[in-house]
Structures are given as C-alpha cells and as structure tokens.
C-alpha cells in the first residue's frame, strides 16, 4: 500500500482590494478631444497613427492629443512624470491607449 | 492595463488595444488593481509588430469596438463591481499518494512541470526551522496578484522545490528583491521571456552549499537547483504569474527553471559583488537580475587585452537593457594582474563598446531607430555611437561577476533591469542549522 501525504496549499492568500467601477462614458466622440496614449513598444505609435486617421475620417470635429510614455506604463513606472501626465489627462475627454501587446 | 486603470480612476473613459492572445493577461492585471470590469479592445496585431499595412487593417477591424468602449452605456456591474470574497485557500488542500499529490498540484497549475516534494505539515515544519520567524509573518505582498508571501507560504513552495531549511533565509531575501522593483513583475510576464538570474554572496552562500565553482549554474547541487526552482514556484503561486495567462513569454527561457550561482569570492582578486554595492563582507546577500540571454565566449587571448577585447567585440548594437560579464577567477586574475579594478573594467566596457561606423547603413537602415525602443541605454546616450551610457534608469549599466571554475570561458548576461541586492537575515541558530545540513552533498562514485 502506498504511503499517503496530506499537503498544504502553495497558493497564497490575497486580501480583497477595494474595487473601482468604470468612469462615465461619452455621449459621442465628434467634437471631443481624444487623448492617444502611446507606450514605448514599437507597435504602439503605428496603432495610434491608424486610429487617428480613422477618428478624423469618421468624426470631422474631433481633436486628438498624444502622450508618449518612455516605458511600458507611464502611471506605474514614470512617477516623475505624474504631474505632466495628469495635466495632459485633464485636457482630454477620453483616452485611447496602445500598449503594443 | 495599469495606465487604463489609472485613467479610469481620473474619471476619463479609456479604450486600450490588447492583442487577442493577451486578453487573460490584461484582465488579470486589471483585476489585481481593483478594476475587474475594465473594457478592452481585442485586436489581431502581433506583439512588437511593425507591419504597417497589417496594423492598419487590424485597427480598422477593431475601430467600431473602440467607439463602443468609449461611448457604450455602462452596465450595473461596470458602474459598481461586486466585491470579491477574500481568497483564503484551505491550508490543507489534498490527501493522497505521491503520484496523486503530484497530479493534483500539476492540474491546478501549481508546479513547473517537474514532480514536487509533497509539502506535508512535517516537511513544512522542518523547512520553517530555517526562518527564525513566526510562520504567519508577512514577508511581502507580491505583485501583480498581491499574494501574501508569508513565511509559511514561502516554506511550502520551498519544500515543493526540494530546498533545505538553510535555503529559506535566501528565499526570503529573494522575495524582498522581487518586491523591491515593480519592473520585476513585468519582466516575469514579458513577451521577452526574461529569466531571473540569482547571485548569492557572503559566508551564508558557502554555509548553505551554493555552488560558486565549476558548473556554478548547471544542475547537480540542491542549493542552486532548488533555490531558483522555489523562486519560480513563488512567482506562480504567490505572485500569480502563470504561463500563457500572465507570463506571455513568446519563446520561453530555460533559465526560468533555476539560474543561480554563488560568486567565487575565494578566488576573486576583487571585492565581492555585495561589497561593491555597499554591504559588509561578512554579510550575505541575494542579488537579482532579469536577463533574456546568456552567451559564452572564449577570449581572443587570456591576457587583459584579449579578455577586454572579447567583451567589447561581443556586444551587439541591437542589444537591450543591463549587461553583466561573468568572469572566471582566472580571467579576473589576468585583469587584476594588468592593473584593472572592477570599476575600471566597467568604465572600459562603457567607453569602448560602440556601434561600428556605417553599421545601420550596411543593414539598409537610415539610423538606429529600430533598436531604440527597448534600449533606453542607447536612446538617452550623449555620445551617438555609444552602446552603453549611464542615465537615470541605468546608472550602472555594466556589472562584473566572478564565478565558475578555473578556466578561460567567459559569459555575458544580456537584458532586463539593473541588479537588486537584498541582505539575507539569518536565524539565531544558523550555526546549528548549518551543522545539520552542511553535509548534504553528493558523493560521486569513481569508475
């Protein structure tokens, strides 16, 4: 008869974290200023170039503004740019982000 | 996804393009930051693609979804996600034979594919003798899952990996190293398949039989094999980074099984690595790098000139991230005999490792742009043709480690962030523990 083993779980406990809902959506895109957030991955600017063309074609009164991260994530890896990033966010109505993955 | 969550938190709607194979990864990231209902725009653009026409077509196909993500009415769940129950997994999870335990763990995604040692109460209690701390003491919460790395949970994973109690203090230092730099989470999950390279320094490395000499990073020693394996299991089971769920490494990396060495301090002409980072020689440390690749080269000649020329001549312009040279004691001795310090070796490499004249033109490229995306070392350089330069992200981009047996081969670790070094805190009864486990070493029969 084989020996039996009663074993402990390797899977860690994790406390629940406060959950956040999504922010209110826009009623329309035309006439709005859309932020285009580009991280440092090389597909990101190409994705946003294509997006910007389509936005402007479909919505004649749309404005765009780009923010270029120097890393994969401006909010978590570029704490020194938090003020600059927040200022940019204040100036746009919504953001389309390309992260290259 | 972290940026999208940040943006939503600032009351701005966000739409993030996500490669369709990364949807699970994106949702795990969002969930770990408290926004499990994040909206994404799945698309078909292969990670790191530069194929403009394909990207344009994929964006066109996904464009209506971008509009819907930004303007579609929110559901009740999206407005106010239901809070989750705390994750308190049962402490004892299974009872069965060795084979049944292994099958159970494997099918839950808790192993690295190799058989594990069953983490029984008895085995974990023995492992905990290496901690000198209460079992429920929280060492760190590890991103992205924010899993609680308690002493006991680290010990469970250590048992599974085959560690001895004398490895537990190093594992706790390793957990501190993982938590010290948020980039580490990204490295373990990256498409680039970065693998942790662990360097153990100080007297405890020898006490616990971490190998520093011949075959330092090869299989065959419990300490080197089991330490890295345990850190890999901790990455899965505590951090919550699992293959093709959160770890999206494309090619993968055998270094993720275990890539560990002690520095060969006894035979190095220079101060140990941890001393050059401000620790005392009598202290012990665990250092962590996340290279993508490991290259070995025979030096052009074994004098200082040949060794340095081989290093400089082996670094390619397209490389990315931090760089470490692995020197045998003989290579290091040749350099020291030539009057070189560790510092002056590093300065020589930084100064002389340059992009050859006309390199990009020969490749049919206008400039270095294709290589610059992941290489902030190049991007921020003051000297246009320099491959290494110091900057705020890479203040010390070149490292020198002395390890391995007596020989001439040298190695290069390429990529990832600069090393993190954490002190190993030893339990009060360390000497007794060492006495108990020091002789657990292989004795090879002659033939």
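Residue numbers (the numbering used here), protein chains in the order written: chain H, 947 to 1047; chain Z, 11 to 457.
For every residue, glycine included, the Cβ atom is placed at its ideal position computed from N, Cα and C.
As the structure is a prediction and not an experimental result, all values here were calculated from the model.
Leaving out five residues before and five after residue 246 of chain Z in sequence, what residues of the same chain have Cβ atoms less than 6 angstroms from its Cβ? 252
For this session: Report yes or no: is there a C-beta of chain Z within less than 8 angstroms of the C-beta of residue 949 of chain H?
Result: yes
Which one of Z:298, Z:51, Z:257, Z:57 has the shortest CA to CA distance from residue 269 of chain Z? Z:298
So that I know if they touch, is there some Cβ in chain H lying closer than 8 angstroms to that of residue 101 of chain Z? yes
Exposure label - residue 224 of chain Z; buried when at least 16 CB within 10 Å
exposed
Measuring straight from C-alpha to C-alpha, what distance separates residue 391 of chain Z and residue 57 of chain Z?
Its pLDDT being 47, under 50, residue 391 of chain Z is placed unreliably in this model, and the coordinates cannot settle the point.
Would residue 120 of chain Z and residue 306 of chain Z be called neighbours here (beta carbons separated by less than 8 angstroms)? no
Any alpha helix (DSSP H) of 4 or more consecutive residues that is wholly inside the stretch 330–368 of chain Z | 339–347, 352–362
ask   = Exposed or buried, what is residue 407 of chain Z when buried is set at 16 or more other beta-carbons lying within 10 Å of its beta-carbon?
value = buried
**OP:** Kindly say whether residue 34 of chain Z, judged by its beta-carbon, lies nearer than 8 angstroms to any beta-carbon of chain H.
**Re:** no
**Asked** If you pair each beta-carbon of the stretch 987–995 of chain H with each one of the stretch 44–58 of chain Z, do three or more pairs fall below 8 angstroms?
**Response** yes
* Select from Z:187, Z:115, Z:99 the residue whose C-alpha is nearest the C-alpha of residue 105 of chain Z. => Z:115
Quick one: what's got a C-beta closer than 8 angstroms to residue 980 of chain H's C-beta in the same chain, skipping five residues either side? 1001, 1008, 1009, 1010, 1011, 1038, 1039, 1040, 1041, 1042
Jot down the residue ranges of each uninterrupted beta strand (DSSP E) in the stretch 134–199 of chain Z, minimum 3 residues, whole runs only, in chain order. 148–152, 157–160
Name the residue from Z:103, Z:144, Z:141, Z:140 whose alpha carbon lies nearest to the alpha carbon of residue 128 of chain Z.
-> Z:103
TODO: Spell out whether any CB of chain H is found under 8 angstroms from the CB atom of residue 330 of chain Z.
DONE: no
For this session: Quick one: residues in its chain with C-beta nearer than 7 angstroms to the C-beta of residue 261 of chain Z, no 5 flanking neighbours on either side, listed in chain order?
Result: 203
task = Please state if the CB of residue 998 of chain H and the CB of residue 98 of chain Z are separated by a distance shorter than 8 angstroms.
result = no
Please state whether DSSP places residue 25 of chain Z in a helix, a strand or coil.
strand
Q) Under 8 angstroms, do residue 47 of chain Z and residue 977 of chain H count as touching if we go by C-beta distance? A) no
> Nearest-angstrom Cα distance between residue 18 of chain Z and residue 969 of chain H?
Replying inline: 5 angstroms
Going straight from the alpha carbon of residue 283 of chain Z to that of residue 314 of chain Z, what length do you get?
-> 20 angstroms
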